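The structure appears right after this line, and notes come after that.
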Amino acid sequence: MSELDALLDHAAAVMDGERGEPWDDQLRVGVDLGTAHTVVVVTDGTGWPLAGAYKFAQVVRDGVVVDFHGAIALVKELKVETEVRLGRSIDRAASGYPPGVALADVRAVEHVLAGADLRCTALVDEPTAANAVLGVRDGAVVDVGGGTTGIAVFADGELVTVADEPTGGTHLTLVIAGALGLSIEEAEARKRDPANAAELFPVVRPVLEKIGTIVHDVISPHETEQLHLVGGTCRFPGIAEVIAGVTGVGARVPGDPLFVTALGLAANDIPSRLGDQN
Ligand SMILES: Nc1ncnc2c1ncn2[C@@H]1O[C@H](COP(=O)(O)OP(=O)(O)OP(=O)(O)O)[C@@H](O)[C@H]1O
Ligand SMILES: [Mg+2]
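Numbering (the working numbering), first residue to last: 5 to 282.
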């Protein structure tokens with residue numbers, strides 16, 4: 005297992021309540037407001053996850069905060085849960101936004117954090133944040149979330165292009181619900197159980213191909229060597245093969261892909277000393 009895969013698997017355990025042992029005395033905090041999941045994560049100065057909490061909730065749509073008060077309440081709740089798990093308080097965090105959203109919507113993220121008593125130390129676009137963890141020099145980061153697919157192309161370590169298109173895991177859930185006559189909640193649960201992946205694959209394949217086409221259109225003007233697939237939807241078995249097939253470019257899902265963006269946002273926070281009361 006690579007170092008990155010081990011880090012991401014550890015992140016998943018931490019997000020489910022395990023406590024990480026710090027390597028140094030620094031703290032960084034990331035808040036990821038997503039269409040599907042909102043995540044609060046604390047790492048040490050090296051990026052090693054220490055504590056966190058997340059919840060499936062609809063306070064953001066296509067990268068835009070649509071339920072401002074709900075978002076504040078949710079971040080407050082996750083902050084408290086994280087503080088309990090961490091054993092100390094936090095009062096600052098870095099956060100992010102999908103590429104291409106309006107400046108006012110970026111600001112809304114800062115206001116949500118402020119409403120939850122968190123000073124916003126940085127706001128970065130999400131696929132670039134993800135790359136703080138992945139460290140891609142030549143290739144593309146593809147973040148398939150709930151509502152959208154974000155793509156960032158890097159060459160020689162520099163960001164060349166970034167895009168965000170409204171297709172994601174929600175669309176997989178919708179076609180499963182439609183095809184099998186299930187409620188959205190039932191379809192969502194069925195999709196997340198890997199035991200159903202083989203049965204559901206033909207149902208969701210057209211949506212995965214559509215995501216592949218979106219990626220193809222963004223990367224085709226550039227010589228992209230490799231695709232790095234993150235975001236919760238990339239937990240679905242077989243997604244890498246479909247996207248590689250459509251784009252003709254190798255695709256890989258590193259470790260558990262769900263928390264990469266949140267960890268990358270934390271990496272953009274200004275570190276504070278563990279012992280300091282901020
Ligand atoms: N095990 C799983 N198998 C398939 N899909 C999954 C699994 N776990 C989570 N997902 C899907 O991942 C999606 C959420 O991913 P993520 O948390 O990265 O999105 P988000 O950041 O909230 O959304 P966005 O980036 O679009 O704002 C949801 O559609 C969810 O159904
Ligand atoms: Mg996301």
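Built from N, CA and C at the ideal position, the CB exists for glycine as well. It should be emphasised that the depicted structure is a prediction, and the values quoted were computed from it without experimental measurement.
Rounded separation between residue i and residue j - CA only
| i | j | result |
| --- | --- | --- |
| residue 47 | residue 14 | 11 Å |
| residue 225 | residue 129 | 21 Å |
| residue 281 | residue 95 | Low per-residue confidence applies at residue 281: pLDDT is 46, beneath 50, and the placement is therefore not dependable enough to give any value. |
| residue 206 | residue 174 | 17 Å |
| residue 36 | residue 163 | 21 Å |
| residue 50 | residue 186 | 44 Å |
| residue 116 | residue 100 | 12 Å |
| residue 256 | residue 233 | 6 Å |
| residue 277 | residue 131 | 27 Å |
| residue 199 | residue 182 | 20 Å |
| residue 3 | residue 29 | Any question about residue 3 goes unanswered here, given that the chain covers just 5 to 282. |
| residue 87 | residue 222 | 40 Å |
| residue 113 | residue 248 | 33 Å |
| residue 122 | residue 111 | 14 Å |
| residue 19 | residue 44 | 9 Å |
| residue 270 | residue 102 | 16 Å |
| residue 118 | residue 161 | 33 Å |
| residue 24 | residue 266 | 16 Å |
Other residues of its chain near residue i: CB distance less than 7 Å, five sequence neighbours each side excluded
| i | result |
| --- | --- |
| residue 169 | 152, 153, 218 |
| residue 90 | 46, 54, 55 |
| residue 274 | 125 |
| residue 9 | 258, 259 |
| residue 38 | 64, 149, 150 |
| residue 228 | 143, 144, 157, 253 |
| residue 74 | 63 |
| residue 192 | 177 |
Beta-ladder partner(s) of residue i, from DSSP
| i | result |
| --- | --- |
| residue 232 | 145, 256 |
| residue 162 | 159 |
| residue 41 | 60 |
| residue 6 | Paired residue(s): none; residue 6 is not in a bridge. |
| residue 169 | 153 |
| residue 34 | 45, 98 |
| residue 123 | 96 |
| residue 17 | For residue 17, which the question treats as bridged, DSSP gives no partner whatsoever. |
| residue 69 | 64 |
Contacting residues, own chain, Cβ-Cβ under 6 Å from residue i (five flanking each side not counted)
| i | result |
| --- | --- |
| residue 212 | 243, 246 |
| residue 109 | 68 |
| residue 104 | 168 |
| residue 71 | 63 |
N- and C-terminal bounds of the alpha helix (DSSP H) containing residue i
| i | result |
| --- | --- |
| residue 98 | From DSSP, residue 98 is part of no alpha helix (DSSP H) but of the beta strand (DSSP E) over 96–101. |
| residue 267 | 264–271 |
| residue 221 | 201–223 |
| residue 22 | That residue, residue 22, is in no alpha helix (DSSP H); it is neither H nor E in DSSP. |
| residue 248 | 243–251 |
CB-CB length for residue i against residue j, believed under 8 Å
| i | j | result |
| --- | --- | --- |
| residue 136 | residue 145 | With 8 Å as the limit, residue 136 and residue 145 do not qualify as a contact, their Cβ atoms being about 10 Å apart. |
| residue 172 | residue 158 | No, residue 172 and residue 158 are not in contact; Cβ-Cβ is about 21 Å, not under 8 Å. |
| residue 166 | residue 216 | Going by Cβ atoms, the distance from residue 166 to residue 216 rounds to 18 Å, so no, they are not a contact pair. |
| residue 120 | residue 34 | In fact, because the Cβ distance is near 13 Å, the residues do not count as touching under 8 Å. |
| residue 127 | residue 264 | Rounded, the Cβ-Cβ distance is 18 Å, inconsistent with contact. |
| residue 180 | residue 196 | Actually they are not in contact, since the Cβ atoms of residue 180 and residue 196 sit about 11 Å apart, beyond 8 Å. |
| residue 253 | residue 231 | 5 Å |
| residue 300 | residue 262 | Because the chain here runs from 5 to 282, residue 300 falls outside it and cannot be looked at. |
| residue 85 | residue 57 | 4 Å |
Residues near residue i in its chain [Cβ-Cβ closer than 8 Å; skip 5 each side]
| i | result |
| --- | --- |
| residue 59 | 41, 42, 78, 81, 82 |
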